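Novice: Sequential numbering of the sequence shown, starting at 181, is according to the working numbering.
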Amino acid sequence: MLVIGLAACSGTEPAVSVLAPAATPRTTALPADQTLNPLAIDAMRQRDYPGSDLAIEQTLAPGSNYRRYVASYRSDGLKIFGLLTVPTGRKPAGGWPVIIFNHGYIPPSQYRTTERYVAYVDGFASHGYLVFKPDYRGHGSSEGQPSSAYGSPGYTIDVLNAVTTLQRYPDADPNRIGMWGHSLGGNITLRALVIDPRIKVAVIWAGVTATYQDLLENWHPPPGSGPPPSTTRNWRQDWVARYGTPEQNPQFWNSISPMAYLKDITAPIQVHHGTADVEVPLAFSQKLTQQLRADGKTVELYTYPGSDHNIAQGFSSAMARSIAFFDRVLKR
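#1: Quick one: which unbroken beta strand (DSSP E) runs of 3-plus residues sit fully inside the stretch 349–424? Chain order, please.
#2: Taking 6 Å as the limit between beta carbons, can you name the residues of its chain near residue 229, skipping five residues before and five after?
#3: Does DSSP put residue 441 in a helix, a strand or coil?
#4: Please list the segments of the alpha helix (DSSP H) lying wholly inside the stretch 316–354, counting only runs of 4 or more residues, in order along the chain.
#5: List the endpoints of the continuous beta strand (DSSP E) containing residue 483.
#6: Within the continuous beta strand (DSSP E) that includes residue 434, where are the two ends?
#7: Suppose the cutoff is 8 Å on Cβ atoms and the five residues either side in sequence are ignored; what does the same chain contact list for residue 337 look like?
#8: Taking the straight line between their C-alpha atoms, what separation do you get for residue 349 and residue 234?
#9: For residue 310, does the three-state DSSP call read helix, strand or coil?
#10: Give me the Cα-Cα distance between residue 432 and residue 273, rounded to the nearest whole angstrom.
#11: Note the first and the last residue of the continuous beta strand (DSSP E) segment covering residue 469.
#12: Restricting to Cα atoms, I'd like to know which of 403, 359, 326 is closest to residue 382.
#13: Assuming contact is defined by CB atoms lying nearer than 9 Å, are residue 442 and residue 472 in contact in what I supplied?
#14: Per DSSP, residue 265 is paired with what?
#15: Alpha carbon to alpha carbon, how far is residue 294 from residue 313?
#16: Measure the C-alpha to C-alpha separation of residue 508 and residue 421 and round it to an integer number of angstroms.
Set out below in structure tokens:
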């Protein structure tokens with residue numbers, strides 16, 4: 181469950197990884213008898229993400245200096261709902277800078293558009309950002325079936341269609357779009373970054389950002405904290421039976437992993453992780469940062485001593501750093 185209140189500040193300066201240098205996984209051509217899986221990065225790059233007009237479904241009580249709405253758009257033929265905030269005051273000439281907000285795992289049947297992540301959305305919205313938090317398919321009132329971000333392209337498709345939709349929204353600046361992701365949403369954010377250069381900057385909190393070998397073999401979150409990729413066992417068992425394990429067939433597993441495409445990222449990235457996170461290993465963020473640096477990318481890593489998966493103990497500091505990072509790119 182996500183913390184919605186502000187927490188005490190306890191961050192550190194940008195951390196230097198203590199891990200040994202790790203080689204970035206590289207893509208190689210799939211064998212001739214293997215076709216691209218729909219989740220493959222190259223397959224997702226070949227798709228269109230037309231989005232739609234953004235429809236206001238419900239007007240909510242306003243925030244301190246922004247308006248709030250439940251809105252909807254179309255993705256993959258599905259009606260997807262989301263929480264939209266629009267700053268009040270004088271709109272910049274090109275429109276408000278945008279943050280697409282990718283939430284972490286919440287049981288789809290329990291998800292509500294206006295609940296969870298309240299303090300997070302407020303932090304960005306109150307600092308002059310148009311924020312859109314898409315529900316993902318199968319969550320709350322959104323159409324479609326929920327799936328796994330690690331075994332299906334659906335959630336990423338919804339997010340990339342949201343990018344197009346916001347580019348078409350009159351109050352938004354189509355050229356100033358950033359992305360924020362937490363946990364599962366961090367995985368979606370990283371996948372979106374290697375697919376779509378329209379995303380100009382990204383911030384990831386406690387992201388599930390790792391190779392599939394690590395996700396399948398070295399990720400053991402406690403019961404009740406949200407499903408690891410192995411929870412949706414059908415796709416994992418089917419894929420291992422069809423393609424072999426990551427050790428047996430690295431070409432396939434790298435083809436679906438954003439970690440194998442980090443060299444293609446053009447957006448600067450800021451990463452945050454609590455050292456007491458028992459749900460997603462700190463090593464995931466350390467390795468991601470290490471590999472991005474090895475590829476010459478702009479990346480910052482902040483760790484928060486004693487902070488949990490939601491960075492509750494360092495919330496204020498992490499939010500301030502996140503806002504400042506978005507400001508440097510989207511408000512310059």
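Beta carbons are placed, not taken as given, at the ideal position from N, Cα and C, and that holds for glycine.
Fair warning: this is a prediction, and the values are worked out from it, not measured in the lab.
Specialist: Inspection of the coordinates gives the following:
#1: 352–362, 381–385
#2: 340, 341, 344
#3: Three-state result, residue 441: helix.
#4: 334–348
#5: 479–484
#6: Per DSSP, residue 434 is not a residue of any beta strand (DSSP E); the alpha helix (DSSP H) it occupies stretches across 430–435.
#7: Excluding residues up to 5 positions away in sequence, 224, 227, 229, 255, 256 lie with their Cβ nearer than 8 Å to the Cβ of residue 337 in the same chain.
#8: 7 Å
#9: Of the three classes helix, strand and coil, the one that applies to residue 310 here is strand, per DSSP.
#10: 46 Å
#11: Here residue 469 belongs to no beta strand (DSSP E); instead the alpha helix (DSSP H) covers 462–474.
#12: 359
#13: yes
#14: 248, 311
#15: Approximately 9 Å between the Cα atoms of the pair.
#16: 47 Å
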